[in-house]
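Visitor: Would you mind keeping the following structure in view while I ask a few things?
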Amino acid sequence: LEDTDVLTRSVITQINEMLRVEDVHIRNNRLMHIKQSTFTPFGSLLLILFALLALVLFYYQINEDFTQLKAMNKELEITNAELSSFNHITSHDLQEPLRKIETFISRLVEKERDNLSDNGKVYLDKISVSAHNMRRLIQDLLLFSQTNKTEREFEHVSLQEIVQDVLQELEQDLESKKGVVKIKSKLPELTCIPFQIRQLFVNLIGNSIKYSKEGRPLVVEIFHSIYIPTESEKNILPLAKYHEIIVKDNGIGFEQQYANKIFELFERLHQKNQYSGSGIGLAICKKIIDNHSGHIIAEGMPDEGATFHIYLPV
């Protein structure tokens, strides 16, 4: 019986202890809840203030960006107006006096050449060549400015037909160099700006004619294939696949270190008295390829020839 009383007292003691612990736990929870309830409005207020501050900063940033954008658009409008004015001056005002110069040169050659001294004839020839070079430079500048225009109408056309048309235009120049153009694979149909792609091949094939090797018949070869860029090429060829068009010749070539320089405006690797040209042709090619979201690479070997790799989106 005594053992039973001891056990009973022990159980009661444990129960009382449990009740005490539970009571302490309940009080602590109440205190924590009160603290949280007190903190919640303050935290919510801070959160709202932070959100309002972020919105104000975001508004001012957008407003500043919009102001800068308006200024840039204004500058672009001014640039476009200047470009339009330049086109008008180039196509009319500059060429008009040049036409008169060429007309008077022609009359001098026809009627007065025999009356000139030997030095006079040399000077007249130099004036004629300079006038011709000036006309070519003006026309190339006008063409370059046209490739910068924002009005770009893309059409689905046959590249084979465009190149055949270019070859007809350059037929006499090719014959003068005893040159031949070989289309080694069927050229595709593609979506492009026809006028610009035509000018691209006029410039590339014309470049091969201009820099042909003296005493060696000119051979230009054109290839086409579908090209899938490697992972390492994704920075310059980001799309899944491209038309790769290769224009290769057996002309004088160039040092590979100048492969990028030749696409810059007015850059020439040879003296003017060696080869004619304005230094704009390949810059126009680069601009045309940029307009088509493509890429162009030049490879050269002195006395062996030049190769141009053109990548256009499929």
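The numbering of the sequence shown is the numbering used here, which starts it at 3 and goes up by one. Think of the CB as a built atom: it goes at the ideal place given N, C-alpha and C, for glycine as much as any other residue.
(1) Label threonine 149 either buried or exposed according to how many other C-beta atoms from any shown protein chain fall within 10 Å of its C-beta, with 16 as the threshold for buried.
(2) Hey, would you say glutamate 246 sits closer than 7 Å to serine 234, going by beta carbons?
(3) For leucine 118, I'd like the list of residues in its chain whose CB is within less than 7 Å of its CB, leaving aside the five on either flank, ordered along the chain.
(4) Is threonine 193 helix, strand or coil when you go by DSSP?
(5) Consult DSSP for lysine 123 and reduce its assignment to one of helix, strand or coil.
(6) If I follow the unbroken alpha helix (DSSP H) through aspartate 116, where does it start and stop?
(7) For phenylalanine 41, I'd like the list of residues in its chain whose CB is within less than 8 Å of its CB, leaving aside the five on either flank, ordered along the chain.
(8) Please look up how many angstroms separate the CB atoms of isoleucine 264 and alanine 300, rounded, as I've assumed it's under 8 Å.
(9) Would you give the residue range spanned by the beta strand (DSSP E) that leucine 314 belongs to?
(10) Could you tell me how far apart the beta carbons of glycine 255 and proline 219 are, in whole angstroms, since I believe they sit closer than 8 Å?
(11) Within 10 Å of its beta-carbon, does serine 214 have 16 or more other beta-carbons around it, so buried, or fewer, so exposed?
(12) Work out the CA separation of glutamine 166 and glutamate 191 for me, nearest whole Å.
(13) Any chance you could list the alpha helix (DSSP H) runs of at least 4 consecutive residues sitting entirely within the region 183 to 268, in chain order?
(14) Should isoleucine 211 go down as buried or exposed, given a rule of 16 or more other Cβ atoms within 10 Å for buried?
(15) List the DSSP bridge partners of alanine 300.
(16) The beta strand (DSSP E) that contains serine 160, what's its start and end?
(17) What would DSSP say about glycine 181, mapped onto helix, strand or coil?
(18) Pick helix, strand or coil for isoleucine 28, following the three-state DSSP scheme.
Guide: According to the data block:
(1) Here threonine 149 is buried, its C-beta having at least 16 other C-beta atoms within 10 Å.
(2) No; because the gap between Cβ atoms is not below 7 Å, this pair is not in contact.
(3) Cβ within range, chain order: Leu126.
(4) In the three-state reduction of the DSSP assignment, threonine 193 falls in the strand class, which pools E and B.
(5) DSSP places lysine 123 in helix when its eight states are reduced to three.
(6) For aspartate 116, no alpha helix (DSSP H) encloses it, and the DSSP letter there is neither H nor E.
(7) Its pLDDT being 48, under 50, phenylalanine 41 is placed unreliably in this model, and the value from its coordinates should be taken loosely. The answer is none, since no qualifying residue turns up.
(8) Confirmed, Cβ separation roughly 6 Å.
(9) Unbroken beta strand (DSSP E) run through leucine 314: 307 to 315.
(10) Incorrect: roughly 16 Å between the Cβ atoms, too far for contact.
(11) Burial state of serine 214 is buried, judged by a 10 Å Cβ sphere holding 16 or more other Cβ atoms.
(12) Straight-line Cα distance between these residues: approximately 13 Å.
(13) Segments of the alpha helix (DSSP H) lying fully in the region 183 to 268: 196 to 212.
(14) Buried, by the Cβ-count rule.
(15) Note: alanine 300 sits in a beta bridge opposite Phe310.
(16) Here the beta strand (DSSP E) through serine 160 covers 157 to 160.
(17) In this structure, DSSP gives glycine 181 a state outside helix and strand, which the three-state scheme calls coil.
(18) Correct three-state label for isoleucine 28: helix.
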